[in-house]
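Every number in this note's numbering is 102 more than the matching position in the sequence shown, counting from 1. The structure appears right after this line, and notes come after that.
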Amino acid sequence: MTRLGSGGRIEVICGCMYSGKTEELIRRLNHVQIARQRLQAFTPRRDTRYAVGNLVSHNGVRIEAQPIDSITEIRDYLRDDVQVVALDELHFLDDSADTIVETCQALADRGLRVIIAGLDQDYRAAPFPAMSRLLAVAEQADKLFAICVRCGAYATRSQRMIDGKPAPFDAPTIVVGGLELYEARCRACFEAG
Ligand SMILES: Nc1ncnc2c1ncn2[C@@H]1O[C@H](COP(=O)(O)OP(=O)(O)O)[C@@H](O)[C@H]1O
Ligand SMILES: Cc1cn([C@H]2C[C@H](O)[C@@H](COP(=O)(O)O)O2)c(=O)[nH]c1=O
Ligand SMILES: [Zn+2]
103 MTRLGSGGRI EVICGCMYSG KTEELIRRLN HVQIARQRLQ AFTPRRDTRY AVGNLVSHNG
163 VRIEAQPIDS ITEIRDYLRD DVQVVALDEL HFLDDSADTI VETCQALADR GLRVIIAGLD
223 QDYRAAPFPA MSRLLAVAEQ ADKLFAICVR CGAYATRSQR MIDGKPAPFD APTIVVGGLE
283 LYEARCRACF EAG
């Protein structure tokens, strides 16, 4: 494990909804601030669940973040002295997986610590491509779990429910929402739409 701030690296925090990804990201960023390292955090503008311009957990814990539409905007905002770059909700970005991976690799190659959080699977339990690719090239990958609302086991999937039934397979992949739409399920309790 490299010392905090000793060179470029990519860290990935992934898992299903409610698994604590944003909380873990904010925990790490609090450490960065305590270590008086220079941080820039970003969040997809599409995440309209809470106050735009913040990373906000389901428990309301928040940290300021620059809204962006594309990961390529990061280089326009980047200050020369920044040491840590963070992004939550990676799956909300429309960029291609190639663009996302190339951007994160370039930032790490410049010696930055790059911390990315987001879903590993969509509501169909299909992998999000960019997250899959980042997991392969990251120096550190943490997969978190929630608690299945059906049986209490560790949950690894996000079930989207519409009128009490699993959302159909051909529904849009990106639909912003929380407990009114999504619930954490384990593999055994997950229902394909
Ligand atoms: N089924 C669940 N399992 C675990 N935590 C849950 C669940 N439902 C709600 N939560 C709450 O969600 C919090 C995690 O929120 P957050 O960090 O925003 O998760 P994520 O970013 O992974 O969606 C937990 O601390 C807990 O209070
Ligand atoms: C599974 C899934 C989720 N989303 C949306 C729903 C939420 O707005 C976010 C995930 O938030 P969290 O911080 O991980 O709780 O993404 C989606 O658009 N498509 C999906 O398949
Ligand atoms: Zn279950």
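C-beta atoms are modelled at their ideal positions from N, C-alpha and C, and glycine is treated no differently. Since the model is a prediction, treat every value here as computed from it, not as a measurement.
**Rounded separation between Phe194 and Asp149 - CA only** = One-based indexing of the sequence shown puts residue 194 at position 92. One-based indexing of the sequence shown puts residue 149 at position 47. Note on geometry: alpha-carbon atoms of Phe194 and Asp149 lie some 7 Å from one another.
**Asked** So, using beta-carbon positions, are Gln142 and Ala188 closer together than 9 Å?
**Response** The residue you call residue 142 lines up with position 40 of the sequence shown. The residue you call residue 188 lines up with position 86 of the sequence shown. Taking a C-beta distance under 9 Å as the contact criterion, Gln142 and Ala188 qualify as a contact pair.
**Request:** Answer yes or no: the CB of Val134 versus the heavy atoms of ligand 1, is any distance below 8 Å?
**Result:** Your numbering for residue 134 matches position 32 in the sequence shown. Val134 has its CB no nearer than 8 Å to any heavy atom of ligand 1.
**Message:** Within 8 Å, do at least three Cβ pairs link the region 166–178 to the region 203–218?
**Reply:** Enough Cβ pairs lie closer than 8 Å, so yes.
**Item:** Under the three-state DSSP convention, the category Ser121 falls into
**Value:** Translated into the one-based positions of the sequence shown, residue 121 becomes position 19. In the structure shown, Ser121 sits in coil (DSSP, three-state: anything other than H, G, I, E or B).
**Message:** Comparing C-alpha positions only, which one of Val186, Arg130, Ser172 sits nearest to Arg164?
**Reply:** Indexing the sequence shown from 1 puts residue 164 at position 62. Each of Val186, Arg130, Ser172 was checked against the Cα of Arg164, and the nearest Cα belongs to Arg130.
**Item:** Inter-residue CB distance, Tyr256 and Cys291 (contact presumed, cutoff 8 Å)
**Value:** Your numbering for residue 256 matches position 154 in the sequence shown. Your numbering for residue 291 matches position 189 in the sequence shown. The pair is not a contact, with the Cβ atoms about 11 Å apart (cut-off 8 Å).
**Prompt:** What number of angstroms, rounded off, separates the C-alpha of Ile128 from the C-alpha of Leu157?
**Reply:** Against the sequence shown, residue 128 aligns to sequence position 26. Against the sequence shown, residue 157 aligns to sequence position 55. In this structure, the straight-line span from the alpha carbon of Ile128 to that of Leu157 is close to 8 Å.
**Message:** ligand 1 and Lys245: does the residue's C-beta get closer than 8 Å to at least one heavy atom of that ligand?
**Reply:** Locating residue 245 in the sequence shown gives position 143, counting from the first residue. Relative to the non-hydrogen atoms of ligand 1, the Cβ of Lys245 never comes closer than 8 Å to any of them.
**Request:** Could you tell me whether any non-hydrogen atom of ligand 2 is closer than 8 Å to the CB of Ile276?
**Result:** By one-based count along the sequence shown, residue 276 stands at place 174. Shortest gap from the CB of Ile276 to any heavy atom of ligand 2: under 8 Å.
**Message:** ligand 2 and Arg226: does any heavy atom of the ligand fall closer than 8 Å to the residue's C-beta?
**Reply:** Taking the sequence shown and counting its residues from 1, one reaches residue 226 at position 124. Under cutoff, so the answer is yes.
**Message:** Just to confirm the assignment: which complete beta strand (DSSP E) runs, minimum length 3, are found wholly within the region 137–192?
**Reply:** Segments of the beta strand (DSSP E) lying fully in the region 137–192: 141–146, 156–158, 164–166, 168–170, 186–189.
**Prompt:** Who are the Cβ neighbours of Lys245 in its own chain at under 6 Å, not counting the five residues just before and after it?
**Reply:** By 1-based counting over the sequence shown, the position of residue 245 is 143. For Lys245, the CB contacts under 6 Å within the same chain, skipping 5 residues up- and downstream, are Cys116, Gly117 in chain order.
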